[in-house]
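Number of protein chains: 2
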Amino acid sequence: MTRVLVIDDEQPILRALRINLAAHKYEVSTAADGASGLAAMARDRPDVLILDLGLPDMDGTEVIKGVRGWSSVPIIVLSAWGQESAKIAALDAGADDYVTKPFGMGELLARLRVALRRASPAPDEPVITTGDITVDLAAKRVLRAGADVRLTPTEWQLLEVLVRNRERLVTQRQLLQEVWGPEYGTEGNYLRVYMAHLRRKLEADPSGPRYLRTEPGIGYRFTCAGSEVSPPGGRSS
Amino acid sequence: MTRVLVIDDEQPILRALRINLAAHKYEVSTAADGASGLAAMARDRPDVLILDLGLPDMDGTEVIKGVRGWSSVPIIVLSAWGQESAKIAALDAGADDYVTKPFGMGELLARLRVALRRASPAPDEPVITTGDITVDLAAKRVLRAGADVRLTPTEWQLLEVLVRNRERLVTQRQLLQEVWGPEYGTEGNYLRVYMAHLRRKLEADPSGPRYLRTEPGIGYRFTCAGSEVSPPGGRSS
DNA sequence: GACCGGCGTTAAGACGGCGTCAAGATCGGC
DNA sequence: GCCGATCTTGACGCCGTCTTAACGCCGGTC
Numbered sequence: 261m262t263r264v265l266v267i268d269d270e271q272p273i274l275r276a277l278r279i280n281l282a283a284h285k286y287e288v289s290t291a292a293d294g295a296s297g298l299a300a301m302a303r304d305r306p307d308v309l310i311l312d313l314g315l316p317d318m319d320g321t322e323v324i325k326g327v328r329g330w331s332s333v334p335i336i337v338l339s340a341w342g343q344e345s346a347k348i349a350a351l352d353a354g355a356d357d358y359v360t361k362p363f364g365m366g367e368l369l370a371r372l373r374v375a376l377r378r379a380s381p382a383p384d385e386p387v388i389t390t391g392d393i394t395v396d397l398a399a400k401r402v403l404r405a406g407a408d409v410r411l412t413p414t415e416w417q418l419l420e421v422l423v424r425n426r427e428r429l430v431t432q433r434q435l436l437q438e439v440w441g442p443e444y445g446t447e448g449n450y451l452r453v454y455m456a457h458l459r460r461k462l463e464a465d466p467s468g469p470r471y472l473r474t475e476p477g478i479g480y481r482f483t484c485a486g487s488e489v490s491p492p493g494g495r496s497s
Numbered sequence: 261m262t263r264v265l266v267i268d269d270e271q272p273i274l275r276a277l278r279i280n281l282a283a284h285k286y287e288v289s290t291a292a293d294g295a296s297g298l299a300a301m302a303r304d305r306p307d308v309l310i311l312d313l314g315l316p317d318m319d320g321t322e323v324i325k326g327v328r329g330w331s332s333v334p335i336i337v338l339s340a341w342g343q344e345s346a347k348i349a350a351l352d353a354g355a356d357d358y359v360t361k362p363f364g365m366g367e368l369l370a371r372l373r374v375a376l377r378r379a380s381p382a383p384d385e386p387v388i389t390t391g392d393i394t395v396d397l398a399a400k401r402v403l404r405a406g407a408d409v410r411l412t413p414t415e416w417q418l419l420e421v422l423v424r425n426r427e428r429l430v431t432q433r434q435l436l437q438e439v440w441g442p443e444y445g446t447e448g449n450y451l452r453v454y455m456a457h458l459r460r461k462l463e464a465d466p467s468g469p470r471y472l473r474t475e476p477g478i479g480y481r482f483t484c485a486g487s488e489v490s491p492p493g494g495r496s497s
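Below, the structure is given as structure tokens:
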């Protein structure tokens with residue numbers, strides 16, 4: 261879950277933020293002054309920081325600089341004052357955004373989404389590693405025992421769908437529609453041909469696959485914890 | 261110099277922005293409606309976009325989506341209306357920041373600095389060296405075996421995109437859109453011609469490229485650890 | 001024990017992509 | 001206005017990929 265740290269000394273605002281953020285499935289921690297806020301930053305390692313400039317013990321820009329000294333976490337600044345110079349100072353100190361009170365909660369949440377969207381260019385794990393196969397979804401690259409494996413476009417698309425749904429069973433219909441298009445759904449032939457290609461390129465023993473498993477009558481499954489092909493009798497799933 | 265594109269239909273604001281931005285050493289281009297704004301985006305390739313939501317011909321979020329379809333340049337939205345729903349829609353459509361009129365020029369400039377600061381995550385080596393090729397992204401120079409290589413503008417742009425995504429597979433569509441513009445996407449011809457140019461200038465054996473690899477049916481990849489072209493041996497298909 | 005359907009495997013032909021070359025169009029400098 | 005460099009566009013041969021069909025094997029079913 262996404263973690264948010266709120267540093268603010270005004271109880272009503274703190275309470276409103278905590279309720280609204282929690283309602284949107286954020287994990288919220290809070291601090292009431294700059295010193296404890298910096299300590300909380302180091303301790304909790306939040307994914308984003310919401311910081312009120314009007315703290316009792318420190319100047320807001322000092323808090324920003326303290327954070328920026330070691331972290332590049334997104335910082336959204338809140339402020340009750342409309343002073344433009346304070347805004348500029350905070351932004352130039354390293355803040356990512358600045359919201360003036362009173363603000364709408366919807367707007368703050370939207371700016372939060374922007375900050376998080378930018379901070380995470382990798383929405384999902386781009387690299388999947390099994391015993392001796394490594395699949396890099398971002399680079400569109402497959403390594404087997406450290407060596408590059410050349411895949412054709414169709415082979416790659418098929419592998420990508422399976423890896424994105426790793427450990428899960430993918431039906432033939434779903435595979436056909438995601439790789440060949442929505443009008444396909446019955447051409448089980450294609451799957452058999454291309455699964456054979458993939459197994460020949462990736463499996464040590466193509467006829468006894470460890471990673472690219474067949475689920476008879478239903479579909480296929482890419483499994484990471486590829487145990488040896490169990491001899492008849494030792495199956496336990 | 262940093263290039264800024266301003267899309268706004270109100271002449272006074274356009275004028276004020278042009279003067280202030282030019283005074284801070286930005287290179288400013290302008291457009292007065294959404295359609296010509298999108299065209300200017302493709303033509304001028306600015307480093308940041310300032311967009312007014314109240315355009316005469318298109319909805320602001322449509323402009324944002326049109327840009328986001330092929331570019332990730334920072335977008336700062338201006339708006340005369342205080343409507344929170346419009347803010348949220350713009351931010352979720354892909355905008356990076358939102359400033360409500362009337363705004364202070366100092367604040368806008370500070371938010372501009374934030375957007376640009378974030379957009380240039382190039383503190384890491386702008387110089388990439390492989391076996392005998394050195395690419396200096398900052399100086400826009402290419403050395404091969406220590407000697408300067410003259411590239412035409414298009415050749416350089418193509419090489420730059422590939423090197424920025426080194427080791428990663430870049431699709432033909434992405435290359436075409438980043439080099440030629442968003443309206444291109446199917447002209448695979450251009451890529452073949454210019455890849456041939458680059459290979460002739462950079463590769464020892466242009467027909468057996470070590471660095472500028474083709475991924476048939478998908479795109480191209482610049483690879484640093486350029487191993488020799490694998491001699492035909494383990495191929496079976 | 002015979003039948004049948006699903007799966008793996010292989011092979012062959014059609015098709016499209018890629019590299020290459022060259023000529024025309026366009027732009028900018030002198 | 002001329003000339004060179006650069007970009008665009010078309011054509012062509014080759015090779016890899018996709019499609020499709022056929023066959024054997026194994027399981028389950030009757």
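Just so you know, the protein sequences line up as chains A and F, in that order. Throughout the first sequence, residue numbering follows our numbering, covering 261 to 497 in sequence. Throughout the second sequence, residue numbering follows our numbering, covering 261 to 497 in sequence. Backbone N, C-alpha and C define an ideal beta-carbon position, used for all residues, glycine too. Every value quoted in this text rests on a predicted model; they were computed, and no experiment measured them.
Grouping DSSP H, G and I as helix and E and B as strand, with all else coil, what is residue i?
{"i": "threonine 321 of chain F", "result": "helix"}
{"i": "aspartate 352 of chain A", "result": "helix"}
{"i": "leucine 313 of chain A", "result": "coil"}
{"i": "tyrosine 480 of chain A", "result": "strand"}
{"i": "glutamate 270 of chain F", "result": "coil"}
{"i": "serine 467 of chain A", "result": "coil"}
{"i": "glycine 494 of chain F", "result": "Per-residue confidence for glycine 494 of chain F stands at a pLDDT of 35, beneath the threshold of 50, marking its modelled position as unreliable; no derived number is given."}
State buried or exposed for residue i, treating a residue as buried only when at least 16 other CB atoms are found within 10 Å of its CB.
{"i": "methionine 301 of chain A", "result": "buried"}
{"i": "glutamine 432 of chain F", "result": "buried"}
{"i": "alanine 405 of chain A", "result": "exposed"}
{"i": "valine 327 of chain A", "result": "buried"}
{"i": "isoleucine 279 of chain A", "result": "exposed"}
{"i": "asparagine 425 of chain F", "result": "buried"}
{"i": "serine 497 of chain F", "result": "Reliability fails at serine 497 of chain F, whose pLDDT of 32 lies under 50, so the model's placement of it is uncertain and no value is given."}
For the alpha helix (DSSP H) holding residue i, just list the boundary residues, first then last.
{"i": "serine 331 of chain A", "result": "First-last for serine 331 of chain A: undefined, no H or E at that position."}
{"i": "glutamate 287 of chain F", "result": "Looking at the DSSP string, glutamate 287 of chain F is not in any alpha helix (DSSP H); the run it does join, the beta strand (DSSP E), is 287-291."}
{"i": "aspartate 304 of chain A", "result": "294-304"}
{"i": "alanine 370 of chain F", "result": "365-379"}
Which residues in chain F have a C-beta closer than 7 angstroms to the C-beta of residue i? List them in chain order.
{"i": "histidine 348 of chain A", "result": "The question names histidine, but residue 348 of chain A is isoleucine in the sequence shown. Result: Gly366, Glu367, Ala370."}
{"i": "valine 374 of chain A", "result": "Leu351, Asp356"}
Closer than 7 angstroms by beta-carbon distance: list the chain A residues that pair up with residue i, in chain order.
{"i": "glutamate 344 of chain F", "result": "Gly364, Gly366, Glu367"}
{"i": "glutamate 427 of chain F", "result": "Ala399"}
In the DSSP assignment, find the unbroken beta strand (DSSP E) run with residue i in it and report its ends.
{"i": "threonine 474 of chain A", "result": "472-475"}
{"i": "aspartate 357 of chain F", "result": "357-360"}
At a CB-CB cut-off below 8 angstroms, which residues of chain A make contact with residue i?
{"i": "isoleucine 478 of chain F", "result": "Lys400, Pro413, Trp416"}
Residue i versus chain F: which residues are under 8 angstroms apart at the beta carbon?
{"i": "arginine 378 of chain A", "result": "Asp356, Arg378"}
Quick one: which unbroken alpha helix (DSSP H) runs of 4-plus residues sit fully inside the stretch 389-454 of chain F? Chain order, please. 413-424, 432-439
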